[in-house]
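Before any comments, here is the structure.
2 protein chains.
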Amino acid sequence: MTEKRLDGSEVYSGKILHVMVDRVELPDGKEATREYVGHPGAVCVVPINERGEVLCVRQFRYTHGRVFLEIPAGKLEIGETDRAAAALRELREETGARCESLTFIGDFIPSPAILGEVISMYIAEGLSMGDTDPDDDEFIDIEAIPLDKLAEMCVSGEIADGKTIAAVLKAKYILDKR
Amino acid sequence: MTEKRLDGSEVYSGKILHVMVDRVELPDGKEATREYVGHPGAVCVVPINERGEVLCVRQFRYTHGRVFLEIPAGKLEIGETDRAAAALRELREETGARCESLTFIGDFIPSPAILGEVISMYIAEGLSMGDTDPDDDEFIDIEAIPLDKLAEMCVSGEIADGKTIAAVLKAKYILDKR
């Protein structure tokens, strides 16, 4: 099934987005082009406090022109390979929380066809709260929502952010089985 | 929290990808740029047969250099607004199945910050099988996996495709409550 790269180049290099177009050989020997966006990778965290609430963030997403309810998340920094450390940083920057335990619960690939991004998902427990430290262009409201209610909001369609649906429903399964 | 568009333009126009860069005014009056990929939208389907199995597709995803196990999905055609019709088409093209009932279970937004894509998720039931009709550059293997097993594969991390994790876990919740 493999597609073999023949050649290719970066056709757009922006501040965040880098578009690549490669010429590939298909399994039947024919040629096709593959156009995709490179990405440094990212992390997201389901932070659960001692009351069983998930710390969520509300922020405006310009691309969709509205506010989204999401779990804390962020991109890896250039050259960063320690995804757990990135998860702890993003959790602290966006919610002010530190945690005693961080559990990896799998990778989330937002759009396998066109986007190289891989988001590593974590559950954070044993939270203690401090100050937030958002990026200069981030405006974030924090909201604590009981895990059961948040899972219902994911199932009902009220929450549309992909990583939030996936990570919250995974966390609910995992915690229900403990 | 709203960000107001000041101006902007399409900075890259490819076969599939269209990159926009807009200058925006932030809630505090400062300026920032927002770089994002426009997208026509898409659909995905959890097709469940009379044995409680989900028809999945395995296909090579060049962007990630490996085969993914996913539920059937596809982009809307230019100008297409009937998402349910698109779901029926993609289901038929990729798996050969037609269905008696199609249930909308919410939207999945793969990457709210940088990608304009909205994937509408459906459950398809009452399946009858016919011939597949994949796109010229699509090489797809079909595999029927019991819903409970597939949900476990989503929870364990074996499945990484975002829309598959989200739609399958939603479908499991919804069908378990019936």
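So the protein lines, in turn, are chains D and X.
To convert a position in the first sequence, counted from 1, into the working numbering, add 15.
To convert a position in the second sequence, counted from 1, into the working numbering, add 15.
Backbone N, C-alpha and C define an ideal beta-carbon position, used for all residues, glycine too.
The structure presented is a predicted model; accordingly, all values stated were derived computationally and were not measured.
Comparing alpha carbon positions, the residue from X:Ala128, X:Thr179, X:Asp151 closest to Val82 (chain D) is X:Ala128. Of all residues in the region 49 to 75 of chain D, those with a C-beta nearer than 8 Å to a C-beta of chain X are Arg49, Glu50, Tyr51, Val52, Arg73, Gln74, Phe75, reading in chain order.
About 7 Å separates the beta carbon of Ile120 (chain D) from that of Ala182 (chain D), a gap short enough to meet the 8 Å contact definition. Thr17 (chain X) is a Cβ neighbour of Phe75 (chain D), given a cutoff of 7 Å. DSSP assignment within the region 25 to 62 of chain D yields the following whole beta strand (DSSP E) runs of 3 residues or more, N-terminal first: 33 to 40, 46 to 53, 57 to 62.
Looking at X:Leu162, X:Leu106, X:Asp146, X:Arg38, the one whose alpha-carbon comes closest to that of Asp191 (chain X) is X:Leu162. According to the DSSP secondary-structure assignment, Ser171 (chain X) is paired through a beta bridge with no residue. Taking a Cβ-Cβ cut-off of 8 Å, the neighbours of Ile189 (chain X) in chain D comprise Val170, given in sequence order. With fewer than 16 other CB atoms across the displayed protein chains lying within 10 angstroms of its CB, Ile93 (chain D) is exposed.
Non-local beta-carbon contacts of Gly145 (chain X) in its own chain, meaning distances under 6 Å to residues more than five positions away in sequence, involve Gly111 in chain order. Within chain X, the residues whose beta carbon sits less than 7 Å from that of Asp152 (chain D) are Leu41, Ala47, listed in sequence order. Pro87 (chain X) counts as buried, since at least 16 other C-beta atoms from the protein chains shown sit within 10 angstroms of its C-beta. With respect to Cys169 (chain X), Ala139 (chain X) sits apart: the two C-beta atoms are not nearer than 7 Å. At least 7 Å separates the CB of Ile86 (chain X) from every CB of chain D. For Gly177 (chain D), the enclosing alpha helix (DSSP H) begins and ends at 177 to 191. In the three-state reduction of the DSSP assignment, Thr118 (chain X) falls in the strand class, which pools E and B. The C-alpha of Ile155 (chain D) is placed about 10 Å away from the C-alpha of Glu108 (chain D). Within chain X, no C-beta atom comes less than 9 Å from the C-beta of Ser116 (chain D); the nearest is roughly 18 Å away. Contact with chain D is found for Lys185 (chain X), since one of that chain's Cβ atoms lies less than 7 Å from the residue's Cβ. With the criterion set as a beta carbon lying under 7 Å from some beta carbon of chain D, the members of the region 126 to 158 of chain X are Ser126, Pro127, Ala128, Ile129, Leu130, Gly131, Glu132, Asp152, Phe154, in sequence order. At a beta-carbon threshold of 9 Å, none of the residues of chain X lie near Thr96 (chain D); the nearest stands roughly 18 Å away.
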